[in-house]
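In our numbering, the protein residues as written are 1 to 419. In this text, a Cβ means the ideal position worked out from N, Cα and C, and glycines have one as well. The structure displayed is predicted, hence computed values, not measured ones.
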Amino acid sequence: MDKTLFKNIASLFGIQGMNYLIPLITLPYLVRVLDPIGYGSLGFALAIVQYCCMLTDYGFNLSVTKQIAVYRDDKVKVSKLFWSVLCCKVGMAILSVLAVSIAVYFVPKLNDVSLIIYSGLLMVLGNVLFPTWLFQGKEKMGWIAISNITARLLAIPLIFIFVNKPEHAYVAALITSLTTILAGCIGLYFVWRKKWVIWYPPTFTDLVEMLRDGWHVFISTAAISLYTTSTTVILGLISGPISVGYFVAADKLRQAVLGLITPFFQALYPRVNATMARSRKEGFLLIRNILKWQSIFTLILSVAMFMAAPLMISLAYGEQYDAAVPVLLLMAWLPFVIGLSNVFGMQTLLALGYKVIFSQILMMAGVVNIIFILPLTYYYAEIGAATSVLLTEIIVTTVMVVVIIKKKIPLFKGNLNAV
């Protein structure tokens, strides 16, 4: 592992560490102060906000990251990408906020948590401002770490000071939004300070090209939301905020464990693309090594999480969240399954240009999850939701393996001298 890649992984571990260390500090306080109903309302509202963030991301974190990784030393090309993406994200942010506002007006269960939703919508601005894709493409993740860690540290005292009862769920959402905006501002300051971009007014053609290039990744992301974000939303609409509280509580711990491997996903993607562009043989050797070590590590994480699930819930949340234990027992296997699907999908299919197939797999999975989740959530509430997510992730991983074998991609075996 060379020095740049090591620094990027270390930086992303710093980000993930703070992303999950801060919740470990504030989460036990929040779940107790807000109670399952208040915490569930917060989780339900923020799931709605995530739709807006998903739309403003549009897949740029993958599609544009790949381009910047290739043209990182071409200042004009990077500037063109930067301003085109920024304009697209601003336009999509406006559209998404309008769409959510209309939904809140017409859907009673959304109207019930409208204050929390509007407090969280400010997060979309922070999402627009922070050019994660630029830092990732240039493999300068250290700046992302500094921006995120600085902003998130400020959230700790604010939550303890201003969030004191279930009715303060909107305050927790507002604090999260404001720290996200601060992180975005710090990130833009670093871009300006490093003089990575110059002013390049994007044309309409540039914007259309940018949207077209990111379309398949966006569809993939939207499909993923059908079995991630939408799971929380559907659970809230069918079973109510208390079930959401149990589900989100377990999912937070799952995310914390998954955060131990996410830095590898993010740091290795631009490296895989750059290596593939230079040599297919070296690229496949890299992916094979990633698959080997990531499989071992994620399996260990999943087994440990399964065995420690009751203790994790008890220590983090207390007895009032005992109903979250069976949810976590199911979710414990997600780090292993998602780790595999990341290698098969992002690091292999996307890196080789199979964007359409990648999108089709995830769209299929999103539809399958909706088919699963409606009856499972209706009859089994939060346990049904967790079951649906796990089944869907297993299907995604299995289909990706089938595609790799059918396309004769030499990921598992084969002579690499011929590629």
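Apart from sequence neighbours up to five positions away, the residues of its chain that approach Ser41 with a beta-carbon distance below 7 Å are Val113, Ile116, Ala169, Pro241, ordered along the chain. A residue is called buried once 16 or more other Cβ atoms fall within 10 Å of its Cβ, and Ile261 is buried on that count.
About 12 Å separates the beta carbon of Met276 from that of Leu349, a gap too long to meet the 8 Å contact definition. A buried status is given to Ala309, since no fewer than 16 other beta-carbon atoms sit within 10 Å of its beta-carbon. The alpha-carbon separation between Tyr51 and Ile146 amounts to approximately 26 Å. Counted as a single uninterrupted DSSP element, the alpha helix (DSSP H) harbouring Trp293 occupies residues 280-317. Leu411 carries a coil assignment under DSSP once its states are collapsed to helix, strand and coil. The criterion of a C-beta distance shorter than 8 Å is not satisfied by Glu167 and Pro270. A Cβ-Cβ contact shorter than 8 Å links Tyr246 with Ala324. A Cβ-Cβ distance of about 17 Å is found for the pair Ser230 and Gly59, leaving them out of contact under the 8 Å criterion. Counting every other CB atom within 10 Å of its CB across the protein chains shown gives Leu121 a total of 16 or more, marking it as buried. Taking a cut-off of 8 Å for Cβ pairs, the region 118-132 and the region 177-186 touch, as three or more such pairs fall below it. A direct Cα-to-Cα measurement between Thr205 and Ile94 gives close to 20 Å. In this structure Ala99 is exposed. Its beta-carbon is surrounded by fewer than 16 other beta-carbon atoms within 10 angstroms. Ranking Leu125, Ser101, Lys109, Leu81 by CA distance to the CA of Gly91 puts Leu125 first.
In terms of Cβ geometry, Leu328 and Arg254 form a close pair [threshold 8 Å]. Pairing Ser63 with Val217, the inter-Cα distance amounts to about 7 Å.
Within the model, the alpha-carbon separation for Val171 versus Ile48 is close to 17 Å. The count of Cβ pairs closer than 8 Å, one atom from the region 332-342 and one from the region 290-304, reaches three, so the stretches are in contact. Unbroken beta strand (DSSP E) stretches of 3 residues or longer found wholly inside the region 48-88: none. For Ser388, the closest of Thr377, Cys53, Ile68 by C-alpha to C-alpha distance is Thr377. The residues Met123, Val124, Asn127, in chain order, have a CB closer than 7 Å to that of Cys53 in the same chain once the five nearest residues on each side in sequence are set aside. Taking 8 Å as the cut-off, the beta carbon of Leu46 is found no closer than this to the beta carbon of Gln67. Taking C-alpha positions only, Phe297 is separated from Leu258 by approximately 11 Å. Residue burial annotation: Asp251 is buried, with at least 16 other C-beta atoms found within 10 angstroms of its C-beta. The Cβ atoms of Ala103 and Asn273 do not sit closer than 8 Å to each other.
Counting along the chain, Phe336 sits inside the alpha helix (DSSP H) bounded by residues 334-342. With respect to the 8 Å criterion, Ser341 and Thr397 are classified as neighbours on the basis of their beta carbons. The beta carbon of Ala351 is closer than 6 Å to those of Val272, Asn273, Met276 in its chain, skipping five residues each way along the sequence. In this structure, Ala249 sits away from Leu362, with a CB-CB distance that is not shorter than 8 Å.
For Gln255, the enclosing alpha helix (DSSP H) has its first and last residue at 241-258. Comparing alpha-carbon positions, the option among Asp57, Tyr321, Pro410, Asn111 lying closest to Ser225 turns out to be Asp57.
Val197 and Val76 have their C-alpha atoms some 7 Å from each other. In the DSSP annotation of this structure, the continuous segment of the alpha helix (DSSP H) that includes Asn127 starts and ends at 114-129. Take Leu34, set aside five residues on each side of it, and the residues of its chain with a beta-carbon closer than 6 Å to its own are Pro166, Ala169, in chain order.
Check the Cα spacing between Leu211 and each of Arg280, Lys194, Leu55: the tightest is with Leu55.
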